[in-house]
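Position 135 of the sequence shown, counting from 1, maps to 135 under the UniProt record's numbering, and the rest follow consecutively.
In what follows, a structure is listed as structure tokens, so that the remarks can point back to it.
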Amino acid sequence: MKDAKEFWKTLLPRVKAERLILGFSLVLALLAALAGVHVLVILPFWIAFAVAILNRSIPSEELPPPVAATAVEEGRDPLIPVLNALDMPVLVIGPDETVLFQNFAAEKAFGTIPAESYLSARVRSPGILDMVRETIATGKTHQIEHAERLPTDAVYIVRVAPAEIGRGDKSQRVFLLTYRDISQARRIDRMRSDFIANASHELRTPLASLRGFIETLQGPARNDAKAQEKFFGIMHEQVTRMSRLVDDLLSLSRLELKSHIAPDETVDLVPLLGHVRDGLAPLARELDVEISLDVPNTPVVVKGDRDELIEVFENLIENACKYGQEGKKVDVRLTAGGEAQAEVTVADYGPGIPAEHVPRITERFYRVNVEASRSKKGTGLGLAIVKHILTRHRARLLIHSELGKGTVFTVRF
């Protein structure tokens, strides 16, 4: 029955297209009948004419496409710009699991999928395929979380839902397969968890030391003046370390709250760098390091927050003095001319940083050498604070390091 309907839907437009020839043939048949010509004589001509009509090519717009394609095209045409405007990948799937359409985001994420390709030929995830088949069978919406490893790590919420396109008897049920990228949210969650774990660990160590020393002072060392003096000194160091850590955590929280607000004040970097060098002079003498400052004779003005920029250069120069102590020298140079960008470079001549660590040293609590960092009273948050401040100032931090030759930090405004 369905094939018969398809036959008549295909035949009628052809007959309509040949209506002039058909009408002329009917007139000839009528004249032949009046002239007494038997119908069997003209029957072969009618058969040939019917075959010619069926085989003749007519304009494609006069031929109705198959029912499924008609419904997809008519229902989809106004939706194509909408689907292409979405930033999430969308695939339109037919009831036979073929891909009828993919938007630009899907093409960018997964490559071009030829029309009428089977979904299973392009999607290898059994979970997604089973979900699609269940939705096709039941008509119910489903979603799962799916992780991709290639070409890059990505996590998606994959959802499939039924939809009707087309109108009236030309409507067809299709299924929308959407991919919502939650990779960034997952990374933020992981960073938050790591941050809490690291902060807890950093605070637990000095707290455990304080507890141990207090118990000792209350017990065996109750009357030992020499031990008390020693333990009180260590306890003071641990309390100072916790204080620095809490201060840095508060600084990070404050910076995150206003990271989207660029400073609108102006700051002259020449006197600011001089102020930072003078403030760190006692530390440099203690470490036997010389801080040399090279600045222009004219003002170099940038938009920024003075206190925050002082914190940036204090962190960078202090790190250079501590971790580049072997080189005995730290060079601080400010360059700017005409319309050129202002740049501040802080160079040490210490052991340098291994290349695999350079991309991560601005992460919170990331240390190249944990013991060395703690021995130099670092909290592991200094460069993270620097990065956040420079982001707020719309500036960049560039890091170049060579083993055995030292490290250069460049702040480019």
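All C-beta atoms, glycine included, are put in the ideal place defined by N, C-alpha and C.
For clarity, every value in this text was computed on a predicted model and none was experimentally measured.
**OP:** Taking only runs that begin and end inside the stretch 79-151, name each unbroken alpha helix (DSSP H) of 4 or more residues, in chain order.
**Re:** Listed in chain order, they are 80-85, 104-110, 119-122 and 126-138.
**OP:** Compute the distance between the beta-carbons of Glu356 and Lys329, then report whether it is under 8 Å.
**Re:** no
Original post:
Taking the runs of the beta strand (DSSP E) that are 3 residues or longer, which of them lie wholly in the stretch 277-342?
Top reply: As far as the stretch 277-342 is concerned, its whole beta strand (DSSP E) runs of at least 3 residues are 290-294, 301-303 and 329-335.
Original post:
If we count the other Cβ atoms within 10 Å of its Cβ and call it buried at 16 or more, is Thr407 buried or exposed?
Top reply: buried
Original post:
So Val90 and Ala106 are in contact, right, with Cβ under 8 Å, and what is the actual spacing, rounded?
Top reply: Indeed they touch by this definition, with Cβ atoms about 6 Å apart.
Original post:
Skipping 5 residues on each side, what residues in its chain have a beta carbon closer than 8 Å to that of Thr135?
Top reply: Thr141, His142, Val160, Ala161, Pro162 and Phe175
Original post:
What did DSSP end up calling Leu403 once you bin it into helix, strand or coil?
Top reply: coil
Original post:
Would you call the CB atoms of Leu283 and Glu326 closer than 8 Å?
Top reply: No, they are not a contact pair.
**OP:** Determine, using beta carbons only, whether Glu97 and Ser120 come nearer to each other than 8 Å.
**Re:** yes
**OP:** Please look up how many angstroms separate the CB atoms of residue 426 and Val132, rounded, as I've assumed it's under 8 Å.
**Re:** In the structure as shown, the chain begins at 1 and stops at 413. Residue 426 is therefore absent and cannot be evaluated.
Original post:
Taking the beta strand (DSSP E) that Leu177 falls in, what are its first and last residues?
Top reply: Gln172 to Asp181
Original post:
Out of Gln218, Leu316, Ile399 and Met242, which has the shortest C-alpha to C-alpha gap to Leu273?
Top reply: Leu316
Original post:
Between the Cα of Ala208 and the Cα atoms of Glu229, Arg241, Arg187 and Phe313, which residue gives the shortest distance?
Top reply: Arg241
Subject >> Through-space distance from Phe409 to His400, alpha-carbon basis >> reply: C-alpha separation (whole angstroms): 7 Å.
Subject >> Beta-carbon proximity list for Leu100, same chain, < 8 Å, skipping 5 on both sides >> reply: Val72, Arg76, Val92, Ile93, Gly94, Ala115, Glu116 and Val174
**OP:** Could you tell me the boundaries of the alpha helix (DSSP H) in which Val386 lies?
**Re:** Gly382 to Arg392
**OP:** Go to residue 418, then tell me how far its beta strand (DSSP E) extends in each direction, as first and last residue.
**Re:** Examination of residue 418 is not possible in this model, given that the chain is present from 1 through 413 alone.
Subject >> Integer-rounded CB distance, given that Asp181 should sit under 8 Å from Asp154 >> reply: Here residue 154 is Ala; the residue named in the question, Asp, does not match the sequence. That pair is a contact at about 6 Å.
Subject >> Rounded distance between the beta-carbons of His388 and Leu249, thought under 8 Å >> reply: Contact flag wrong, Cβ pair sits at about 12 Å.
Original post:
What is the DSSP secondary structure of Ala221, counted as helix, strand or coil?
Top reply: coil
Original post:
Hey, how far is the Cα of Phe232 from the Cα of Asp224?
Top reply: 12 Å
Original post:
In angstroms, rounded to a whole number, what distance separates the CA positions of Asp189 and Glu363?
Top reply: 15 Å
**OP:** Using 10 angstroms around the beta-carbon of Gln218, count the other beta-carbons present and answer buried if the total reaches 16, otherwise exposed.
**Re:** exposed
**OP:** State the DSSP-derived secondary structure class of Phe232, mapped to helix, strand or coil.
**Re:** helix
**OP:** Could you tell me how far apart the beta carbons of Val300 and Leu280 are, in whole angstroms, since I believe they sit closer than 8 Å?
**Re:** Contact doesn't hold; Cβ gap of about 20 Å is too wide.
Subject >> Cβ shell of Arg412 (< 7 Å), same chain only, five flanking positions each side left out >> reply: Gln341, Glu343, Ala395, Arg396 and Leu398
Subject >> Nearest-angstrom Cα separation, counted from Ile165 out to Leu79 >> reply: Looking at the two C-alpha atoms, the distance is approximately 10 Å.
Original post:
Just the Cα atoms here: how many angstroms apart are Ile234 and Lys108?
Top reply: 59 Å
**OP:** Give me the Cβ distance between Arg277 and Val358, rounded to the nearest whole Å; I'm assuming they're in contact under 8 Å.
**Re:** Actually they are not in contact, since the Cβ atoms of Arg277 and Val358 sit about 26 Å apart, beyond 8 Å.
Subject >> Terminal residues of the beta strand (DSSP E) in which Glu164 lies >> reply: Ala154 to Ile165
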